[in-house]
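Those protein sequences? They're chains B and U, same order as listed.
Going by the numbering used here, the letters in the first sequence line up with residues 360 to 783, in that order.
Going by the numbering used here, the letters in the second sequence line up with residues 360 to 783, in that order.
Here the structure is laid out as structure tokens; the discussion comes afterwards.
There are 2 protein chains.
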Amino acid sequence: MSILIRNGYVIYGENFDVVKADVLIEGNRISEVRRSIKESADTVIDATGRVISPGFVNLHTHSPMGFFRGLADDLPLMEWLQKYIWPKEARLTREDVKVGAYLGTLEMIKSGTTTFMDMYFHMDAVAEAVLDAGLRGYLSYGMIDLGDPDKTEKEIDEALREMKVIEKLNSPRLYFVFGPHAPYTCSLALLREVRRLASEKGKLITIHVSETMAELGKIQERYGKSPVVLLDEIGFLGSDVIIAHGVWLDSRDIQILARNGVTVAHNPGSNMKLASGVMPLQKLLNAGINVGLGTDGAASNNNLDMLEEMKLAALLHKVHNLDPTVADAKTVFKMATLNGAKAVRLNAGVIKEGYLADIAIINFNQPHLRPVNNVISHLVYSANGNDVETTIVDGKILMLDREVLTLDEEKVIGGAERVIERLS
Amino acid sequence: MSILIRNGYVIYGENFDVVKADVLIEGNRISEVRRSIKESADTVIDATGRVISPGFVNLHTHSPMGFFRGLADDLPLMEWLQKYIWPKEARLTREDVKVGAYLGTLEMIKSGTTTFMDMYFHMDAVAEAVLDAGLRGYLSYGMIDLGDPDKTEKEIDEALREMKVIEKLNSPRLYFVFGPHAPYTCSLALLREVRRLASEKGKLITIHVSETMAELGKIQERYGKSPVVLLDEIGFLGSDVIIAHGVWLDSRDIQILARNGVTVAHNPGSNMKLASGVMPLQKLLNAGINVGLGTDGAASNNNLDMLEEMKLAALLHKVHNLDPTVADAKTVFKMATLNGAKAVRLNAGVIKEGYLADIAIINFNQPHLRPVNNVISHLVYSANGNDVETTIVDGKILMLDREVLTLDEEKVIGGAERVIERLS
Numbered sequence: 360m361s362i363l364i365r366n367g368y369v370i371y372g373e374n375f376d377v378v379k380a381d382v383l384i385e386g387n388r389i390s391e392v393r394r395s396i397k398e399s400a401d402t403v404i405d406a407t408g409r410v411i412s413p414g415f416v417n418l419h420t421h422s423p424m425g426f427f428r429g430l431a432d433d434l435p436l437m438e439w440l441q442k443y444i445w446p447k448e449a450r451l452t453r454e455d456v457k458v459g460a461y462l463g464t465l466e467m468i469k470s471g472t473t474t475f476m477d478m479y480f481h482m483d484a485v486a487e488a489v490l491d492a493g494l495r496g497y498l499s500y501g502m503i504d505l506g507d508p509d510k511t512e513k514e515i516d517e518a519l520r521e522m523k524v525i526e527k528l529n530s531p532r533l534y535f536v537f538g539p540h541a542p543y544t545c546s547l548a549l550l551r552e553v554r555r556l557a558s559e560k561g562k563l564i565t566i567h568v569s570e571t572m573a574e575l576g577k578i579q580e581r582y583g584k585s586p587v588v589l590l591d592e593i594g595f596l597g598s599d600v601i602i603a604h605g606v607w608l609d610s611r612d613i614q615i616l617a618r619n620g621v622t623v624a625h626n627p628g629s630n631m632k633l634a635s636g637v638m639p640l641q642k643l644l645n646a647g648i649n650v651g652l653g654t655d656g657a658a659s660n661n662n663l664d665m666l667e668e669m670k671l672a673a674l675l676h677k678v679h680n681l682d683p684t685v686a687d688a689k690t691v692f693k694m695a696t697l698n699g700a701k702a703v704r705l706n707a708g709v710i711k712e713g714y715l716a717d718i719a720i721i722n723f724n725q726p727h728l729r730p731v732n733n734v735i736s737h738l739v740y741s742a743n744g745n746d747v748e749t750t751i752v753d754g755k756i757l758m759l760d761r762e763v764l765t766l767d768e769e770k771v772i773g774g775a776e777r778v779i780e781r782l783s
Numbered sequence: 360m361s362i363l364i365r366n367g368y369v370i371y372g373e374n375f376d377v378v379k380a381d382v383l384i385e386g387n388r389i390s391e392v393r394r395s396i397k398e399s400a401d402t403v404i405d406a407t408g409r410v411i412s413p414g415f416v417n418l419h420t421h422s423p424m425g426f427f428r429g430l431a432d433d434l435p436l437m438e439w440l441q442k443y444i445w446p447k448e449a450r451l452t453r454e455d456v457k458v459g460a461y462l463g464t465l466e467m468i469k470s471g472t473t474t475f476m477d478m479y480f481h482m483d484a485v486a487e488a489v490l491d492a493g494l495r496g497y498l499s500y501g502m503i504d505l506g507d508p509d510k511t512e513k514e515i516d517e518a519l520r521e522m523k524v525i526e527k528l529n530s531p532r533l534y535f536v537f538g539p540h541a542p543y544t545c546s547l548a549l550l551r552e553v554r555r556l557a558s559e560k561g562k563l564i565t566i567h568v569s570e571t572m573a574e575l576g577k578i579q580e581r582y583g584k585s586p587v588v589l590l591d592e593i594g595f596l597g598s599d600v601i602i603a604h605g606v607w608l609d610s611r612d613i614q615i616l617a618r619n620g621v622t623v624a625h626n627p628g629s630n631m632k633l634a635s636g637v638m639p640l641q642k643l644l645n646a647g648i649n650v651g652l653g654t655d656g657a658a659s660n661n662n663l664d665m666l667e668e669m670k671l672a673a674l675l676h677k678v679h680n681l682d683p684t685v686a687d688a689k690t691v692f693k694m695a696t697l698n699g700a701k702a703v704r705l706n707a708g709v710i711k712e713g714y715l716a717d718i719a720i721i722n723f724n725q726p727h728l729r730p731v732n733n734v735i736s737h738l739v740y741s742a743n744g745n746d747v748e749t750t751i752v753d754g755k756i757l758m759l760d761r762e763v764l765t766l767d768e769e770k771v772i773g774g775a776e777r778v779i780e781r782l783s
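In structure tokens:
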């Protein structure tokens, strides 16, 4: 299988230089980028007036949570969770979660996301949806033991069971990740065992850390230190760890994350909507920490649109610092692509010969994206997810001209509606 | 001319209650809203799975500035203006401004804006574009005299000249507005004369006030008081005045604005991108001030998407106050519709019998807008401008199923590209 994408504005290489060129994909790799490629290909896409961008890497989400989009908003976090989200989540079956994952993956395909890091439950069901959708999924079962030793063992067992099922599916697009939920919901025993298992099995770890001030208070009360210091002291941190949020980090925390090569998944939309706070982005970047971008779940965002998320990131840090030069367009674009790929050790996030063919083609023939004064600026500040026209993952076209080829859109949406009707 | 919109989710009345109903438009008014209207109509629109919303009122923009979208970002305000924007603006001809206004109006139609308040120059040319586009435009010539008495007279003369041309076009969709640029760029003589003329001629006034800390410093240095106190003392303020931005307002300023019935046009996207600061929204609302929403120009946003602007407004104030309950979805939706209409004294911003037929139909048959748990929440938190399918102003369809009927999209975009090529 080969695909030739003709005559687009290509965002090329690690520096994201914009060049008018053709892109040739052979198998699951980008094989050539240059002006006027003469070779023929199985599929030819005319990208005149389009931008050929690396696909987006959503580094933190809960893909099946689309059910709960708009179900309750404008509420304090704990009221929102306890009154609305948790009671409904408790009633979700394995099949429901799969239906939710179809909705989430459909939404991601339609907005140019090609890879995502997920945390939920019944992840073996999510894996089946990801397989059908054609995306690249890093899937973690969210472990919560609340300090109960029986629960610790059960949670570890469930994670390992889901890992085995996912590995049995034997897809190069599915990756199991260990997902202890957070230091305030997991015992040290669980965290230590996760660390041991991840090293033994060569898996990544993702975990919520320092999302809210309330969390900081709890950990301080229980352990007398910050969540990051705690994780460091038990030897949990490493370059295979991706922490989500990292809103409330002090200078010592930041030094520790930098020293351990930890990646931080920034979720500005969720942090703003839940009023969690503002991540110290500039300090993290200055310390040399790899920062990626995530949407969090659709219940706290309320969509999975990485283009919108880039704008939120850029705008939030400018106004918070009263400095328009911070979080410039290229920095934020890199967070949403290359930094995310780097975090999961994927040879993607860049349009260049030899990289995986994970690509989003964005239609710039629209009034809000013209004149084409600056492609990267337009993607960050002017575009939105609906502007993505074609999504390619692993050399396979998942959406062409807004038509999703791998999923039945109506069926997926109808399925999600039925689940929420039953739960209400 | 009559239009029947069938079977949509109607956002009905001043309380924005969502009901499944049909909407009948006769002439330029909404004549009936109820389930299963049996009357026939000249045009019937099937709105199954769609939301029938009041069109958006963009209460502060500079519609021809789309030229400069992405031309320069991530810069301090004065460097941005002096190095990039002003030198190019100085070279714009009357015809160029008209071309820019076509691009701006096209973008607004495509994202469901039906009414906008504009400030720029060659507004008589902008008026011609608005007339063709079919939007409702409140058009102000931005007056700047920098304290030079010769300039004062010239600016007043130019405003009155443009007023006469616009009035001669004799359209119920065109309104002339007085637009002194700001207290720091206009002499007190100019401001006093504008106040006198506006009262005499029954026109609205719009003006930038308290946008940046630098502006506050200038006015403090020159007059020893805040911009709002200054304007109050010269008798400038009233219920016919719409101030744009209002970022740096203290309690006394807010009392003054409330007492005078002044409307504030909030521009969160621009205030964030230029790092101007955060408007004290809660204090303004608590004081009973009418607050509308605007995008500002496309050079500092970088689009004219009122759906995105609603999300920015809601999210900004939640995180700034560390309180997720402020700027709830309905409050922000009202700012973008009814409050804007109220500011310009227009019988619109609401879907209800007798109101002007200014309507946006939004396609909810998309994964990021399902399940339909909450229509207003989805519009504020999940939707974007591209989700708008049909735009109706004054009982006339400007866009149907994403096809703009009043403007030639390709021609408009091509024209804008040629202007910026010539200027670069």
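Backbone N, C-alpha and C fix where the C-beta goes; we use that ideal spot for every residue, glycine too.
All values derive from a computational prediction rather than experimental measurement.
CB contact check: residue i to chain B, cutoff 9 Å
i	result
His727 of chain U	yes
Tyr740 of chain U	yes
Trp445 of chain U	no
Glu768 of chain U	yes
Asn366 of chain U	no
Asp655 of chain U	no
Thr473 of chain U	no
Pro683 of chain U	yes
Gly576 of chain U	no
Neighbour flag for residue i against chain U, beta carbons, 9 Å
i	result
Asn698 of chain B	no
Arg781 of chain B	no
Lys469 of chain B	yes
Met665 of chain B	no
Asp405 of chain B	no
Trp439 of chain B	yes
Glu391 of chain B	no
Asp746 of chain B	yes
Lys670 of chain B	yes
Amino acids of chain U, ordered along the chain, whose beta-carbon sits closer than 8 Å to that of residue i
i	result
Phe415 of chain B	Ordered by position in chain U, no residue passes the 8 Å Cβ test against Phe415 of chain B, which lies about 14 Å from the chain.
Per-residue contacts from residue i into chain B (C-beta, under 8 Å)
i	result
Met631 of chain U	Leu674, Leu675, Lys677 and Val678
Val637 of chain U	Val678
Asp687 of chain U	Asp432 and Asp433
His737 of chain U	Arg428, Gly429 and Asn661
Gly628 of chain U	Leu674
Whole-angstrom C-beta distance between residue j and residue i, which should lie under 8 Å
i	j	result
Ala492 of chain B	Thr765 of chain B	6 Å
Pro542 of chain U	Leu590 of chain U	6 Å
Ser422 of chain B	Gly463 of chain B	3 Å
Asp717 of chain U	Thr565 of chain U	At roughly 20 Å, the Cβ-Cβ gap does not stay under 8 Å, so Asp717 of chain U and Thr565 of chain U are not in contact.
Met467 of chain B	Ala624 of chain B	Actually they are not in contact, since the Cβ atoms of Met467 of chain B and Ala624 of chain B sit about 15 Å apart, beyond 8 Å.
Pro627 of chain U	Ala672 of chain U	5 Å
Counted within 10 angstroms of its Cβ, other Cβ atoms place residue i as buried (16 or more) or exposed
i	result
Val784 of chain B	What is shown of chain B runs 360 to 783, which leaves residue 784 of chain B out entirely.
Lys770 of chain U	exposed
Ile449 of chain B	Residue identity differs from the one stated: residue 449 of chain B is Ala in this sequence, not Ile. When all chains shown are included, Ala449 of chain B counts as exposed.
Ile593 of chain B	exposed
Gln441 of chain B	exposed
Asn355 of chain B	Nothing can be reported for residue 355 of chain B, as the shown portion of chain B is limited to 360 through 783.
Trp445 of chain U	exposed
Ser470 of chain B	buried
Where residue i meets chain U, residues with beta-carbon distance less than 9 Å
i	result
Phe785 of chain B	Outside the shown range of chain B (360 to 783) lies residue 785 of chain B, about which nothing can therefore be said.
Glu776 of chain B	Arg729, Pro730 and Val731
Val703 of chain B	Those within 9 Å of Val703 of chain B in chain U number zero; the least Cβ separation is about 24 Å.
Val621 of chain B	Those do not exist, as Val621 of chain B stays about 24 Å from chain U at its closest Cβ, beyond 9 Å.
Residue i Cβ short of 8 Å to the ligand MN heavy atom set
i	result
Ser390 of chain B	Ligands are entirely absent from the displayed structure, and the ligand MN is therefore not among its contents.
Interface partners of residue i on chain B, CB under 9 Å
i	result
Gly459 of chain U	Neighbours of Gly459 of chain U on chain B: none; closest Cβ ~10 Å, over 9 Å.
The segment 511-539 of chain B: positions lying closer than 7 Å to chain U by Cβ: So nothing in the stretch comes that close.
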